[in-house]
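Notes for the one structure printed next.
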Amino acid sequence: MPRRSVVALLVSGAVALAITGAVLLVVLPPRAETAEDTAQAFAEALIAADGTAAVALVADASTASAIAAAALDGASAVDTAEVVLTEQTAERTTFDLTLGLAGDTATSRLVLVDVGEGWRVADGMWGTLRVETTHGDAVRVGGTRVPAPGEVLLLPGRYPVTADPADLLDGATETTVFPGTDQDVAIEAIPNEAALEAAQGAIADYAAACTVPATGTPANCGMRIPWPADLVALEELRFRIDRMPRVEDLDAGTFVASDGELVVTARGTDRGGDPRDVTYRSDTWTLRGSFAVGPNGITLTVW
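With my numbering, letter number 227 in the sequence shown gets 1623, and the count goes up by one each step, no holes.
This is how it looks when you write it as structure tokens:
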């Protein structure tokens, strides 16, 4: 009679007993996730600057959490993160979270709660950053765009804060965020050469719209056409741009485009009742106004 062999195999939480070719599978329940597990996973996500993983462990995920996750993905991670259990009940556990970053150390109280599906971080993870900028309607904080002026909740890390859009505006700084910190950052956003080129393109488009044939002096086009000195009635104005006004500087939210050359021909009736064309020329055609920079580029408003 052949002897039977019994082999026990533990693989991924299951025990398989093999008896003479037949397999009996006994599934063991997974080990319950503890508060310590979640706190440690949160600390590891901070060290990895993994915003998505960190926010997934937050009890009340919201739009603010999604912004914080994206911001952390573009930040420098903390160097060290240590969690030490200080208080525990059936539904609430508290840890001391000690973080180290670039030689600085901060300790905060990290509170976890049992949400029924496991332990989640409920308090002690956010720092507050308020931002403003001299140009534009937003700044970039880490890996995301934040409206400015505005306020954002951030996970621990060191964040680059830059002018936005970066292809039109220069200006940057860095700030370190720890849980419980409350900071203000102001970006001095300076329009760069690309912004000047974009403004010049906008001026060219605006000037083209100003110089279509018209029956009166176009408004907000920097023109004073003295046709009443020569004509009693105006039939049409025709324009020719010999040199486009140039944007020399963008400062304090305003612009000046100067040194344009414009030729205007007025057709109408002179004082003798005869048809007449009169030509006027300016080599100081100037456009002035304000500008705004946003996600879609630069927008000019001519006065």
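Cβ atoms here follow ideal geometry from the backbone N, Cα and C, with glycine treated the same way.
Please classify T1650 as buried or exposed, where buried requires at least 16 neighbouring CB atoms within 10 angstroms. The residue you call residue 1650 lines up with position 254 of the sequence shown. Answer is exposed; the Cβ neighbour count stays below 16.
Where do the ends of the beta strand (DSSP E) carrying V1537 lie? In the sequence shown, the residue the question calls residue 1537 occupies position 141. Unbroken beta strand (DSSP E) run through V1537: A1534 to V1537.
Does the beta-carbon of A1625 have 16 or more other beta-carbons within 10 angstroms, so that it is buried, or is it exposed? Counting from 1 along the sequence shown, the entry for residue 1625 is found at position 229. Residue environment for A1625: exposed (fewer than 16 other C-beta atoms within 10 angstroms of its C-beta).
Which residue comes first and which comes last in the beta strand (DSSP E) that contains A1465? Within the sequence shown, residue 1465 is the residue found at index 69, counting from 1. No beta strand (DSSP E) contains A1465, which is instead part of the alpha helix (DSSP H) from T1459 to L1468.
Helix, strand or coil: which one does DSSP assign to D1679? Along the sequence shown, one-based indexing puts residue 1679 at 283. In the structure shown, D1679 sits in a strand (DSSP, three-state: E or B).
Which same chain residues end up closer than 6 Å to Q1596 when comparing Cβ atoms and leaving out the 5 residues on each side of it in sequence? As a first step, residue 1596 is located in the sequence shown; it is residue number 200 there, counting from the start. Excluding residues within five positions, the ones whose Cβ falls inside 6 Å are V1643.
Taking Cβ to Cβ, would you say A1464 is nearer than 8 Å to V1451? Here the question's residue 1464 lines up with position 68 in the sequence shown. Here the question's residue 1451 lines up with position 55 in the sequence shown. Yes, Cβ-Cβ distance for A1464 and V1451 is below 8 Å.
Let me know if P1609 comes out buried or exposed under the rule of 16 or more other beta-carbons within 10 Å of its beta-carbon. Locating residue 1609 in the sequence shown gives position 213, where the first residue counts as 1. Looking at its Cβ environment, which holds fewer than 16 other Cβ atoms inside 10 Å, P1609 is exposed.
Integer Cβ distance of D1563 from A1590, believed to fall under 8 Å: What you label residue 1563 is simply residue 167 of the sequence shown in a count that begins at 1. What you label residue 1590 is simply residue 194 of the sequence shown in a count that begins at 1. D1563 to A1590, Cβ: 6 Å. Contact.
Taking the alpha carbon of T1476 as the reference point, which residue from L1442, D1469 and T1448 has its own alpha carbon closest? Residue mapping note: residue 1476 aligns to position 80 of the sequence shown, counting from 1. Selected option, being the one with the closest Cα: L1442.
Is it buried or exposed, V1480, if we count other Cβ atoms within 10 angstroms and call 16 or more buried? Position 84 of the sequence shown holds residue 1480. Exposed is the call here.
In this structure, what does DSSP give as the bridge partners for Y1555? The residue labelled residue 1555 in the question sits at position 159 within the sequence shown. Paired residues: T1571.
For T1448, three-class secondary structure by DSSP: Here residue 1448 refers to the residue found at position 52 when the sequence shown is read from its first residue. It is helical.
For the structure I just gave you, are there three or more beta carbon pairs, one from the stretch 1560 to 1575 and one from the stretch 1619 to 1637, closer than 8 Å? no
Given this structure, state the Cα-to-Cα distance separating R1663 from A1604, to the nearest angstrom. Sequence index remark: in the sequence shown, residue 1663 carries index 267 (1-based). Sequence index remark: in the sequence shown, residue 1604 carries index 208 (1-based). Spanning the two alpha carbons is a distance of roughly 20 Å.
With distances taken between CB atoms, is the gap from V1537 to L1525 smaller than 8 Å? Residue numbering aside, residue 1537 sits at position 141 when the sequence shown is read from its first letter. Residue numbering aside, residue 1525 sits at position 129 when the sequence shown is read from its first letter. For V1537 and L1525, yes; Cβs fall inside 8 Å.
Range of the contiguous alpha helix (DSSP H) that encloses I1621: On the sequence shown, residue 1621 is found 225 positions in, with the first residue counted as 1. I1621 -> no alpha helix (DSSP H), and no H or E assigned at all.
Bridge partners of T1494, per DSSP? Here the question's residue 1494 lines up with position 98 in the sequence shown. Per DSSP, E1478 and T1503.
Whole-number beta carbon distance between R1554 and S1472, since they are thought to touch under 8 Å: Position 76 of the sequence shown, counting from 1, holds the residue named residue 1472. Position 158 of the sequence shown, counting from 1, holds the residue named residue 1554. That belief holds up - the Cβ atoms of S1472 and R1554 are roughly 4 Å apart, short of 8 Å.
Spatial distance of V1517 from R1541 (CA atoms): Within the sequence shown, the letter at position 121 stands for residue 1517. Within the sequence shown, the letter at position 145 stands for residue 1541. Cα to Cα, V1517 sits roughly 25 Å from R1541.
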